[in-house]
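Enquirer:
Residue numbers (the working numbering): 1 to 575.
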């Protein structure tokens with residue numbers, strides 16, 4: 001057929017054309033030395049870029065780099081230590097096996113017969129397992145177990161580079177950019193000891209000194225619900241030391257999902273860093289209910305106003321709705337959103353005590369899954385209500401000869417022949433701390449109460465009460481002694497004449513109203529003359545005669561007898 005003849009003719013022409021070509025024209029083109037290429041074995045990656053970025057290899061492990069070159073024939077290769085010039089290998093393979101922490105630069109050099117070289121710089125780093133802190137440069141690592149909202153344990157090892165440095169490991173919500181982002185913080189402190197953060201500052205229940213190059217194991221038992229944690233640490237192989245128990249979070253939050261580390265520039269010339277390794281986090285429980293910031297019970301006078309801030313935190317990071325229950329009529333609650341609210345208490349005054357009493361307050365926080373209750377109490381009191389001031393344990397019996405005995409469980413007046421002062425006249429002196437008086441108030445009445453357990457004076461005698469000027473301490477002095485007619489002591493003020501008399505029965509004795517007012521006037525004058533809260537006035541009970549016969553005396557309980565110790569009952573009034 002014509003078509004077959006045509007195809008045969010074309011093939012014949014092609015064969016003749018190929019046969020006529022020069023054999024040299026069909027071979028590969030010759031490569032110049034500048035065409036030398038270096039590749040990873042079996043790959044075509046950018047060797048130079050990857051090599052410069054470098055490799056991190058743990059101490060005790062190894063890494064083998066295998067390369068290929070083109071052209072291979074007549075190309076010599078070697079691996080050279082950049083610092084020393086030592087030839088480490090003369091093959092296309094090099095194995096890096098660090099035995100210590102280091103940074104090592106190795107040059108791969110491929111050389112052609114003409115002397116043309118291609119050099120690729122490899123950076124190797126020998127590391128201990130874990131992370132190395134950076135000066136003022138925070139590192140944050142996501143907790144692989146996820147968001148922690150309940151009880152969990154954090155354990156790790158840390159190795160300081162210096163005996164004195166400033167390095168921390170923290171646990172927090174989110175990425176750290178400053179110290180206050182962290183809730184839990186353990187520190188290699190500038191003091192050379194390990195401490196931890198507790199609410200408002202660093203502290204340690206016990207001392208643990210750290211040293212450069214040694215390994216310290218740290219364990220934190222964290223309670224995210226109550227925003228607290230316990231901290232324990234020990235030098236490797238040493239005894240465990242309690243650094244803190246029930247330490248309060250720095251940042252008050254109930255969900256934690258990162259841990260962080262940083263070194264401070266405590267010493268500008270050589271601040272030091274630390275390594276953190278073997279980080280282990282164990283989840284024990286998770287919480288999904290809102291968590292309230294604790295609120296203390298409230299005590300407030302009627303006629304005043306007080307705002308109490310309420311805050312609940314959602315461990316799920318969602319929205320919270322607050323609801324107030326059992327509010328008294330003088331309270332108002334506002335939900336400010338985002339888990340925060342305010343209760344304003346404003347009990348009425350001059351309504352015959354209409355708002356006095358103890359009130360139970362209940363706040364409920366609800367998130368998308370659960371609810372939590374906050375309960376606390378508000379007590380409204382009469383601002384002028386009486387309160388008791390207990391006698392100080394410095395109370396003492398004084399003998400006229402100058403002996404002072406603060407150790408007996410009884411105080412004496414009259415005459416005794418026992419004790420450190422022997423056979424002599426005696427008086428009893430009782431220190432009372434000056435109470436805090438609110439602004440706009442003064443003392444209306446101050447009434448002394450004592451418990452008499454012996455009154456065997458068979459001669460006519462009255463035991464009077466005197467007040468002595470305030471002093472900084474409760475120590476009774478020998479110079480506080482006095483016997484004689486009522487209100488004739490130039491160094492004291494008579495406040496109650498004939499408080500107790502011979503022949504009066506045993507039991508409780510309370511000063512009358514006029515005596516209570518006289519003592520109130522004395523105490524107000526002490527404040528006016530510069531005496532401060534916490535300083536001490538002294539009440540003395542003494543006979544109105546200095547010739548009491550042997551064993552004619554008064555005996556009453558001292559501060560050591562707690563149930564029946566002397567008490568000063570104070571009542572206030574408006575100025």
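Don't be surprised by glycine CBs; every beta carbon is placed ideally from N, CA and C.
Give the DSSP bridge partners of residue 494, in chain order.
Expert: 466
Enquirer: Do the CB positions of residue 406 and residue 394 come within less than 9 angstroms of each other?
Expert: Yes, Cβ-Cβ distance for residue 406 and residue 394 is below 9 angstroms.
Enquirer: Are there 16 or more other CB atoms within 10 angstroms of the CB of residue 256, so buried, or fewer, so exposed?
Expert: buried
Enquirer: With a threshold of 16 other CB atoms inside 10 Å of the CB of residue 377, please say whether the residue is buried or exposed.
Expert: Classification of residue 377: exposed, given that the 10 Å Cβ count is below 16.
Enquirer: Just how far apart, CA to CA, sit residue 341 and residue 212?
Expert: So the alpha carbons of these two residues sit roughly 49 angstroms apart.
Enquirer: If we call anything under 9 angstroms between Cβ atoms a contact, is residue 533 one with residue 385?
Expert: Result no, Cβ atoms of residue 533 and residue 385 do not sit closer than 9 angstroms.
Enquirer: Here's a check: name, in chain order, each residue in its chain whose Cβ is nearer than 6 angstroms to the Cβ of residue 189, leaving out the five neighbours to either side.
Expert: 195
Enquirer: Applying the 10 Å Cβ sphere with the 16-neighbour rule, what's the burial state of residue 148?
Expert: It is buried - the Cβ of residue 148 has at least 16 other Cβ atoms within 10 Å.
Enquirer: Mind checking residue 566: buried by the 16 CB within 10 Å criterion, or exposed?
Expert: Buried: at least 16 other Cβ atoms inside 10 Å.
Enquirer: Can you tell me the Cα-Cα spacing of residue 96 and residue 136, whole angstroms?
Expert: In a straight line, the C-alpha of residue 96 is about 31 angstroms away from that of residue 136.
Enquirer: Which whole runs of the alpha helix (DSSP H) in the region 65 to 122 are 4 residues long or more, in chain order?
Expert: none
Enquirer: Just the Cα atoms here: how many angstroms apart are residue 60 and residue 339?
Expert: 52 angstroms
Enquirer: What are the start and end residues of each continuous beta strand (DSSP E) run of 3 or more residues lying completely inside the region 523 to 571, in chain order?
Expert: Fully enclosed beta strand (DSSP E) runs of 3 or longer: 536 to 543 and 553 to 557.
Enquirer: Between the beta-carbon of residue 462 and the beta-carbon of residue 500, is there less than 9 angstroms?
Expert: yes
Enquirer: Can you give me the start and stop residues for the beta strand (DSSP E) that residue 309 sits inside?
Expert: 306 to 313
Enquirer: In chain order, what residues of the same chain lie with their CB nearer than 6 angstroms to the CB of residue 560, ignoring the 5 residues before and after it?
Expert: 409
Enquirer: Measuring only the C-alpha atoms, how far is residue 397 from residue 531?
Expert: Here the alpha carbon of residue 397 sits roughly 25 angstroms from the alpha carbon of residue 531.
Enquirer: Applying the criterion that 16 or more other CB atoms from any shown protein chain within 10 Å of the CB defines a buried residue, is residue 52 buried or exposed?
Expert: exposed
Enquirer: Alpha carbons only, please: which of 108, 486 and 453 is nearest the one belonging to residue 554?
Expert: 453
Enquirer: Should residue 215 be counted as a contact of the ligand ATP given a C-beta to heavy atom distance under 8 angstroms?
Expert: Only the bare structure without any ligand can be found here, which leaves the ligand ATP out of the picture.
Enquirer: What do you reckon, are the CB atoms on residue 403 and residue 428 nearer than 9 angstroms?
Expert: no
Enquirer: What is the DSSP secondary structure of residue 7, reduced to helix, strand or coil?
Expert: Confidence is the limiting factor: at residue 7 the pLDDT is only 37, short of 50, which leaves the residue's position unreliable, though a coordinate-based value still follows. Residue 7: helix per DSSP, three-state reduction.
Enquirer: Measuring alpha carbon to alpha carbon, tell me which residue in 175, 416, 336 and 524 is nearest residue 574.
Expert: 524
Enquirer: Whose CA, out of 178, 234, 239 and 243, lies closest to the CA of residue 198?
Expert: 243
Enquirer: Under 8 angstroms, with one C-beta from each stretch per pair, do the region 360 to 374 and the region 283 to 299 reach the 3-pair mark?
Expert: In short, these stretches touch, since the Cβ pair count reaches three.
Enquirer: Along the alpha helix (DSSP H) that carries residue 47, what are the first and last residues, could you check?
Expert: Element bounds for residue 47: 47 to 53.
Enquirer: Just confirm the distance between the C-beta atoms of residue 593 and residue 64, as a whole number of angstroms; I'd bet it's less than 8 angstroms.
Expert: There is no way to answer for residue 593, as the model of the chain reaches only from 1 to 575.
Enquirer: Among the residues of its own chain, which have a CB less than 7 angstroms from the CB of residue 357, if the five just before and after it don't count?
Expert: 380
Enquirer: Of all the options 43, 58, 116 and 105, which has the alpha carbon lying nearest to the alpha carbon of residue 74?
Expert: 116
Enquirer: Check whether the region 178 to 186 touches the region 314 to 326, taking contact to mean three or more Cβ pairs, one atom from each stretch, closer than 8 angstroms.
Expert: no
Enquirer: Mapping the DSSP letters down to three states, classify residue 178 as helix, strand or coil.
Expert: coil
Enquirer: Starting from the C-beta of residue 100, find all residues in its chain whose C-beta is less than 8 angstroms away, skip the five residues before and the five after it, and write them out in chain order.
Expert: Around residue 100: 59 and 126.
Enquirer: State the start and end residues of the unbroken beta strand (DSSP E) segment that holds residue 379.
Expert: If you look at residue 379, you'll find it in the beta strand (DSSP E) that goes 371 to 381.
Enquirer: Would you mind reading off the limits of the beta strand (DSSP E) that contains residue 155?
Expert: 151 to 160
Enquirer: Helix, strand or coil for residue 480, going by three-state DSSP, please let me know.
Expert: helix
Enquirer: Let's test the definition: count the other Cβ atoms within 10 Å of the Cβ of residue 209 and tell me whether it reaches 16, buried, or not, exposed.
Expert: By the neighbour-count definition (other C-beta atoms within 10 Å, threshold 16), residue 209 is an exposed residue.
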